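Inspection log for the structure reproduced underneath, given as structure tokens.
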Ligand SMILES: Nc1ncnc2c1ncn2[C@@H]1O[C@H](COP(=O)(O)OP(=O)(O)O)[C@@H](O)[C@H]1O
Ligand SMILES: [Mg+2]
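Protein chains in written order, with our numbering: chain D, 1 to 279; chain Y, 1001 to 1386; chain C, 2001 to 2309.
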């Protein structure tokens, strides 16, 4: 690599990462600001954290979001895994084109359309069969499950198509029936993809403002909805504190996850090398 | 299935040659089997009998339909038309997990999340065999393939050769009536492959299971197989023992596929009950065959000459009327044990000759542009009509 | 093996497998059908009805009159979309803003992806993690972070006034510029990751071969690296363009009142004007002029990739 180019690349990286991280760092710094104004540093204080924890509305919203996130990520896994399996292993069947379209479409659908259409569905269903009676956590969960299931299906499908199908054929050849093959062979092999799919769904659900705003009812305000309504008016130190907490939580989780991944990779490498030495 | 268990005192098919016995009952039978993928014929009207205890090889170039044929036997593909019988039972509609066959996959397809032991035990577990019995049989199998030491390892901790043994043990442990092997040695390097060929044959002789093997390597097929089916574009070209295929190929395809051959195109000019003469524009002499040829005068034939059956001399042989070509040495390949020569005839045709270097020489016998004669016994040539 | 010779267990197993297959397809199929496809049919239906002050606020499309069903199709909503230039402007604006932001993201993301792909082993994983990390933190909060920076009383203005470069605060928030910043900022990781994965897979000896054959470094880049990374460029650009074009949060929080984007227009029709039929008509128009072309493009794309393999 020539020196000139490497200087260019390094400065691109420095500039790029500064662009990515300076705004986040500023939020963190100003969450400890005594004063209310962003621009003026009025001394160190943790008072915004205290007021955040005393903000019942915010705590309720966070609790709602967590519950919806866990529920819809789990449901999305339960629906998306068979959908991905069907896409990569079931060959042709009647209605396959529509099926693959319904999996691909949520990924490119603008959120406002998804939100509007689901709301209209819920309203119509309520008129016709009386369910769901009003809107709330359950309608948000259904909405999140639907688009997260599509993401899970895509993750599972791509993992499965990258996997040697003869491993599953070998299981069948040795006498295992299709259902058993899935649980004993396929599932353990795609477990990391499933975990990634669950986490992705959980994050998407926690993050969603637009769809939730459409299908939420009274008493089912989620955290993003709460944050949105308060930041619409401008900067709020409490939100700075909340942001800092979220960033902290995510960073800790990511660091732990990468350490775990790195360690298991190292173990596997060492094991593989050991195997090679033995031959 | 139990009767297929270790009958060590099984007959030796090389001696009994059931395929030459009209009363022998085939163990595996393909009846006019065709497999289409869309409009494409992967296997086209194949009929084939395989006998018990055989090590049968399907040989052919890449994409000729060998794997598809094998997968239909295993139950992963259903024939578009035709029937498959194993031990007299029609396999139509029998799913893979109920068939009395087991397969050793080209990629080995070991379960990555299970240890060697668990991999080998998998098939027995599916059959609900008792724990104690599983333990014993797995141990026996691992001993047979010399993998006892590695029982607790995971597949990614094994070398290619070790994985191959585990795959073999896993597919043999259920004592299938038929073991299917798709390019069993394809993933090994050359040295290991040659060594493993004999081991595989030994194991087959020990367990007595009927093996059906797919390979694209003619040397491997000839070393291991009792009989070989040569496939080309979904069709079986010829079936026979390695000896029959090499000595009596029925077509240019087979002759070319097994070993090396010089093919000289010519026209039948003299056809008798005891001999035949073929005239060729490619050769600068007439070709005399010491047996009758099925055909009429004026028909086109190809004379197949194996390079090692040709004699190379500096001086003209006594009788230059028949089977005696003259030309110039164009290329020389010195391989140590043998030398190969490309002789260019006046007609432009090139003939390949190999000679054993059975004695040590001070200098090479021939050099470039030497004028030489190529001759052969009347019985050395085969005559092919396709 | 004829079926009368099968044991009961074998028959049961086969029955299970046959119907299990239907079940595995059926459950996700039913869910997606009910909660994804049917809603669009309802949106389509309501886009043909009229707004009313009622709950729900639209007129019924089907009516029972003299024991027969009459369907009143009301094209008024679509005619309205055509007559008021607001909608066409919002649509074109969305495409323009999304396209320009995508290009800016590409220009910033490409050198970063290239730099990461050429970094040494452990450094590379750290840099990669730094790219992924923001994705897992809240989207809303990342947009929010820019409010404090770009605001009239924000950090940039405060800094520039303090240095004396300017005396009057610059108007940066509530402009289209802020929308670009917001989109580029939030979607940059989506551009870097696919670019990185194509660049990382690329054999470095290809560039060496090009230079060996007489290319200058920049020529090798233009003639070898760039064409080979085209799939990554395309994938990354789509990942940025698609969400950006229907974006609501960023124009709402960072854009000005006249930064019209189609997603925001729909939102306002629905929440501010409570005109569900018009909102539905906007949704259908977006579907036809935005989602369908994108899906069609992706379809062609995957077909072509399959053919190349
Ligand atoms: N599932 C399939 N769908 C379509 N074509 C196939 C399929 N499996 C095999 N083929 C085609 O059938 C032909 C024979 O394949 P195969 O039996 O795998 O050949 P080989 O002799 O190399 O093992 C090939 O041209 C292959 O492309
Ligand atoms: Mg093959």
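Quick reminder that beta carbons are idealized off the backbone N, C-alpha and C, glycines included.
Remember, it's a predicted structure, so these values are computed and weren't measured experimentally.
For this session: Take residue 7 of chain D as the anchor and find which of C:2112, C:2149 and C:2273 has the nearest alpha-carbon.
Result: Taking the first chain and counting its residues from 1, one reaches residue 7 of chain D at position 7. Taking residue 7 of chain D as reference, the option from C:2112, C:2149 and C:2273 with the minimal CA-CA separation is C:2112.
Problem set entry | Alpha carbon of residue 100 of chain D to alpha carbon of residue 2148 of chain C, nearest angstrom | For the purposes of this step, residue 100 of chain D is taken as the residue at position 100 of the first chain. For the purposes of this step, residue 2148 of chain C is taken as the residue at position 148 of the third chain. For the pair residue 100 of chain D and residue 2148 of chain C, the Cα-to-Cα distance works out to about 43 Å.
For this session: Report the three-state DSSP secondary structure of residue 2247 of chain C (helix, strand or coil).
Result: Residue mapping note: residue 2247 of chain C aligns to position 247 of the third chain, counting from 1. Coil.
Exercise. So what does DSSP say about residue 1324 of chain Y, is it helix, strand or coil?
Worked result: Taking the second chain and counting its residues from 1, one reaches residue 1324 of chain Y at position 324. Residue 1324 of chain Y sits in a strand when the DSSP states are folded into three classes.
Exercise. Rounded to a whole number of angstroms, what is the C-alpha to C-alpha distance between residue 2298 of chain C and residue 211 of chain D?
Worked result: On the third chain, residue 2298 of chain C is found 298 positions in, with the first residue counted as 1. On the first chain, residue 211 of chain D is found 211 positions in, with the first residue counted as 1. A straight line joining the alpha-carbon of residue 2298 of chain C with that of residue 211 of chain D spans about 24 Å.
Exercise. Among residues of its own chain, excluding the 5 on either side of residue 1042 of chain Y, which ones have a beta-carbon nearer than 6 Å to its beta-carbon?
Worked result: By 1-based counting over the second chain, the position of residue 1042 of chain Y is 42. Taken in chain order, the residues that qualify are 1035, 1065, 1068 and 1234.
Exercise. Got a sec? Which residues, its chain only, sit under 7 Å from residue 168 of chain D by beta carbon, not counting five neighbours each side?
Worked result: As a position in the first chain, residue 168 of chain D is number 168, starting the count at 1. Here the set comprises 181, 185 and 186.
Exercise. Between residue 2064 of chain C and the rest of its own chain, which residues show a CB-CB distance below 6 Å, the 5 nearest in sequence each way excluded?
Worked result: If you number the third chain from 1, residue 2064 of chain C lands on position 64. In this prediction, residue 2064 of chain C has a pLDDT of 47, which is less than 50 and means its spatial position is unreliable; what the coordinates show is noted afterwards. Cβ within range, chain order: n/a, list empty.
Exercise. Residues bridged to residue 1050 of chain Y by DSSP?
Worked result: As a position in the second chain, residue 1050 of chain Y is number 50, starting the count at 1. Beta-bridge pairing links residue 1050 of chain Y to Y:1028.
Problem set entry | Helix, strand or coil at residue 1090 of chain Y according to DSSP, with G and I counted as helix | Numbered from its first residue, the second chain carries residue 1090 of chain Y at position 90. Residue 1090 of chain Y: strand per DSSP, three-state reduction.
Exercise. From this set, D:148, D:190 and D:146, which residue's C-alpha is nearest residue 158 of chain D's C-alpha?
Worked result: Here residue 158 of chain D refers to the residue found at position 158 of the first chain. Ranking the options by Cα distance to residue 158 of chain D, first place goes to D:190.
Problem set entry | Three-state class that DSSP yields for residue 1342 of chain Y in the structure shown | Residue mapping note: residue 1342 of chain Y aligns to position 342 of the second chain, counting from 1. If DSSP states are grouped into helix, strand and coil, residue 1342 of chain Y belongs with the strands.
Problem set entry | Exercise answer, beta-carbon shell around ligand 1 heavy atoms below 5 Å | The set of residues whose C-beta lies within less than 5 Å of a heavy atom of ligand 1 reads, in chain order, Y:1037, Y:1042, Y:1062, Y:1063, Y:1064, Y:1065, Y:1066, Y:1067 and Y:1068.
Exercise. Of all the options C:2210, C:2276 and C:2022, which has the alpha carbon lying nearest to the alpha carbon of residue 83 of chain D?
Worked result: One-based indexing of the first chain puts residue 83 of chain D at position 83. Ranked by Cα distance from residue 83 of chain D, the options C:2210, C:2276 and C:2022 are led by C:2022.
For this session: Ignore the nearest five residues each way along the sequence and tell me which others in residue 244 of chain D's own chain have a CB closer than 7 Å to its CB.
Result: As a first step, residue 244 of chain D must be located in the first chain, where it is residue number 244. Contacts found: 27, 28 and 31.
Exercise. Per DSSP, which one or two residues make a beta bridge with residue 1213 of chain Y?
Worked result: The residue given as residue 1213 of chain Y occupies position 213 in the second chain. Looking at the DSSP assignment, residue 1213 of chain Y forms a beta bridge with Y:1057 and Y:1181.
For this session: Check whether the Cβ atoms of residue 2143 of chain C and residue 2242 of chain C lie closer than 8 Å to each other.
Result: As a working mapping, residue 2143 of chain C is identified with position 143 in the third chain. As a working mapping, residue 2242 of chain C is identified with position 242 in the third chain. Not in contact: residue 2143 of chain C and residue 2242 of chain C (Cβ atoms no closer than 8 Å).
Problem set entry | residue 1108 of chain Y, enclosing beta strand (DSSP E) - first and last residue | For the purposes of this step, residue 1108 of chain Y is taken as the residue at position 108 of the second chain. Counting along the chain, no beta strand (DSSP E) covers residue 1108 of chain Y, and no H or E run does either.
For this session: Measure from the C-beta of residue 1123 of chain Y to each C-beta in chain D and report whether the shortest distance is under 8 Å.
Result: Translated into positions along the second chain, residue 1123 of chain Y becomes position 123. Output row for residue 1123 of chain Y: interface = yes.
For this session: Compute the Euclidean distance between the alpha carbons of residue 1368 of chain Y and residue 1378 of chain Y, then round it to the nearest angstrom.
Result: Position 368 of the second chain, counted from the first residue, corresponds to residue 1368 of chain Y. Position 378 of the second chain, counted from the first residue, corresponds to residue 1378 of chain Y. Answer to the nearest angstrom: the Cα atoms are 28 Å apart.
Exercise. Exposed or buried, what is residue 1143 of chain Y when buried is set at 16 or more other beta-carbons lying within 10 Å of its beta-carbon?
Worked result: One-based indexing of the second chain puts residue 1143 of chain Y at position 143. If you draw a 10 Å sphere on the C-beta of residue 1143 of chain Y, you find fewer than 16 other C-beta atoms in it, and that means exposed.
Exercise. Starting from residue 1301 of chain Y and walking both ways along the alpha helix (DSSP H), at which residues does that stretch end?
Worked result: The residue you call residue 1301 of chain Y lines up with position 301 of the second chain. Per DSSP, residue 1301 of chain Y belongs to no alpha helix (DSSP H); it is in the beta strand (DSSP E), 1300-1305.
For this session: Tell me the start and end of each unbroken alpha helix (DSSP H) in the segment 196-241 of chain D that is at least 4 residues and wholly inside, in chain order.
Result: Listed in chain order, the alpha helix (DSSP H) elements of length 4 or more contained wholly in the segment 196-241 of chain D are 210-215 and 223-231.
Exercise. Helix, strand or coil for residue 2074 of chain C per DSSP?
Worked result: Numbered from 1 along the third chain, position 74 holds the residue referred to as residue 2074 of chain C. In the displayed model, residue 2074 of chain C falls within coil according to three-state DSSP, outside both helix and strand.
For this session: Flag this pair as touching only if the segment 252-268 of chain D and the segment 1199-1211 of chain Y have three or more C-beta atom pairs under 8 Å; answer yes or no.
Result: Result no; under three Cβ-Cβ pairs closer than 8 Å.
For this session: Assign residue 1315 of chain Y to one of three DSSP states: helix, strand, or coil.
Result: Translated into positions along the second chain, residue 1315 of chain Y becomes position 315. The answer is coil: DSSP assigns residue 1315 of chain Y none of H, G, I, E or B.
Exercise. How would you label residue 2031 of chain C, buried or exposed, when you count the other beta carbons within 10 angstroms and need 16 or more for buried?
Worked result: Locating residue 2031 of chain C in the third chain gives position 31, counting from the first residue. Classification for residue 2031 of chain C: buried.
Exercise. Just to confirm, are residue 1245 of chain Y and residue 1302 of chain Y a CB contact at a threshold of 8 Å?
Worked result: Counting from 1 along the second chain, the entry for residue 1245 of chain Y is found at position 245. Counting from 1 along the second chain, the entry for residue 1302 of chain Y is found at position 302. No. Outside cutoff.
For this session: Quick one: using the 10 Å Cβ neighbour count with 16 as the cut-off for buried, is residue 1290 of chain Y buried or exposed?
Result: The residue you call residue 1290 of chain Y lines up with position 290 of the second chain. That one is exposed.
For this session: Give the DSSP-derived three-state secondary structure of residue 2196 of chain C in the structure shown.
Result: Here residue 2196 of chain C refers to the residue found at position 196 when the third chain is read from its first residue. Three-state DSSP puts residue 2196 of chain C in a helix.
Exercise. Is the Cβ-Cβ distance between residue 1327 of chain Y and residue 1351 of chain Y less than 8 Å?
Worked result: The residue you call residue 1327 of chain Y lines up with position 327 of the second chain. The residue you call residue 1351 of chain Y lines up with position 351 of the second chain. For the 8 Å CB-CB criterion, residue 1327 of chain Y and residue 1351 of chain Y form a contact.
Exercise. What does residue 195 of chain D reach in chain Y if we use C-beta pairs closer than 8 Å?
Worked result: Sequence index remark: in the first chain, residue 195 of chain D carries index 195 (1-based). What residue 195 of chain D touches in chain Y: nothing, since even the nearest Cβ is about 15 Å away.
Problem set entry | Beta-carbon spacing of residue 2199 of chain C, residue 2236 of chain C below 8 Å | Taking the third chain and counting its residues from 1, the one referred to as residue 2199 of chain C is at position 199. Taking the third chain and counting its residues from 1, the one referred to as residue 2236 of chain C is at position 236. Contact flag unset, no.
Exercise. So, are the CB atoms of residue 2076 of chain C and residue 2195 of chain C less than 8 Å apart?
Worked result: Numbered from its first residue, the third chain carries residue 2076 of chain C at position 76. Numbered from its first residue, the third chain carries residue 2195 of chain C at position 195. The beta carbons of residue 2076 of chain C and residue 2195 of chain C sit no closer together than 8 Å.
For this session: Give the range of the beta strand (DSSP E) segment to which residue 1271 of chain Y is assigned.
Result: To locate residue 1271 of chain Y, count along the second chain from 1; it is residue 271. Taken as a continuous stretch (DSSP letters only), the beta strand (DSSP E) holding residue 1271 of chain Y covers 1262-1271.
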